[in-house]
Each structure stands twice: as structure tokens, then as C-alpha cells.
Amino acid sequence: MSTEKFVVTEQWSPTQLIREYPHALTRNDADLFLAVRESRSRNSTAPSENAVTIIASYGNGFPKECYEALWDEILDSSKGDEARSIWMAEYALQGKSYARNADVLGDDSR
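Per the numbering used here, the sequence shown starts with residue 69, numbered consecutively.
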């Protein structure tokens, strides 16, 4: 996603893991966070009522940056349809989310 077409804001959102695995986290009261990327078109300063918000996730092993070309293409081919913003969250165990959560993630190797 080119920064010449989008204004990109990185944000954090609280999350949790499934707690059925005894060693998934180092503590039961551990706080986890997701890295979330919000992208807004530079051409859309005042979106219309019909503008859409795209909420996306990605497949395991494909970081959210792999989809940047797709968002550029959607923006280029929209022909009057407008995207208010594109939100893409990263799993708690991958990428920037993992880096922030590393201290509280456990070892469920049993």
C-alpha cells in the first residue's frame, strides 16, 4: 500500500487467546494486543454516506503487508465507489503483535 495513495495509521487493540491451553500465556491475567493498520485514501477527505469500510485479516504466513498491492488496485479500480478506510489486524502471535506480546506468551509444548 503506497503512502502516496493512503494515509496509514498503526493502532493497538486489546485481544485474548483461547485460554483452554494451560501454557498458552505466562499468566492467566496477561493482556494481549493486536497490531491494527488503518489506511485511508488521500483522495477521500470527506467520504460520502455510501463509502464502505473494509475489514480484513490474512492467512497464516502471509503478513498484512502482502496485501498492500491489492488495496492499491481496489482504490485504482473503484470508479466512483468509495472506501472510507481499510482496517487490517495482525494475529496476536505474529509480526508486530508478537513483538509486543512476547513477554506474556507461554510455551504450550506439552
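Every residue gets a Cβ at the ideal spot worked out from N, C-alpha and C, and that includes glycine.
query, result
"Cα-Cα separation, Gln162 to His91", "18 Å"
"Through-space distance from Met156 to Trp80, alpha-carbon basis", "11 Å"
"Nearest to Phe74 (by Cα), restricted to the options Ser153, Tyr135, Ala160", "Ser153"
"Per-residue burial, Asn118 [other beta carbons within 10 Å of its own, 16 or more giving buried]", "exposed"
"For Leu143, the first and last residue of its enclosing alpha helix (DSSP H)", "136-144"
"Thr77 beta carbon less than 7 Å from that of Glu106", "yes"
"Sequence-distant residues of the same chain with beta carbon closer than 6 Å to Ile123, five excluded per side", "Trp155"
"Beta-carbon proximity of Glu150 to Ser125, cut-off 7 Å", "no"
"Inter-residue spacing [alpha-carbon to alpha-carbon] between Ser114 and Glu133", "The sequence given here places Ala at residue 114; Ser does not occur at that position. Approximately 26 Å between the Cα atoms of the pair."
"Host beta strand (DSSP E) of Arg95 (start-end)", "From DSSP, Arg95 is part of no beta strand (DSSP E); its letter is neither H nor E."
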